[in-house]
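Reading through the structure tokens given below for one structure.
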Amino acid sequence: MFRWFNQVAQVLRLRPRIDEELWEELEEALIAGDVSASVAFQMVSDLRDKARAEAWTDASQVSTGFRDEVARLLKDDDPGLS
């Protein structure tokens, strides 16, 4: 369970800047880790929107936002995270 979390952490460590490749690799890591494609797409889309709205400048902010999003989804007991 949650093997995708390490894959996501690795993407965020290797890509310190926020760019298109970061978002694509983040989505791919989630899908490769057995998060449903629809949940992965929605998570990345929500993070992108938040990054733009809050003018995030580096991947550490994406990491924090990602943790917050996972916590929200777990609280809602989202079945796509299995």
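First residue of the sequence shown? That's 162 in the numbering used here, and the numbers climb one at a time after it.
By construction, the Cβ of each residue, glycine as well, lies at the ideal position given by its N, Cα and C atoms.
Separation of Q203 and L175 (C-alpha to C-alpha, rounded to the nearest whole angstrom) is 22 Å. Within the region 167-229, the complete alpha helix (DSSP H) runs of at least 4 residues fall at 181-193 and 198-214. With 16 or more other Cβ atoms from the protein chains shown falling within 10 Å of its own Cβ, E188 counts as buried. Pairing E186 with V172 gives a Cβ-Cβ distance under 8 Å. For the 8 Å CB-CB criterion, L191 and A201 form a contact.
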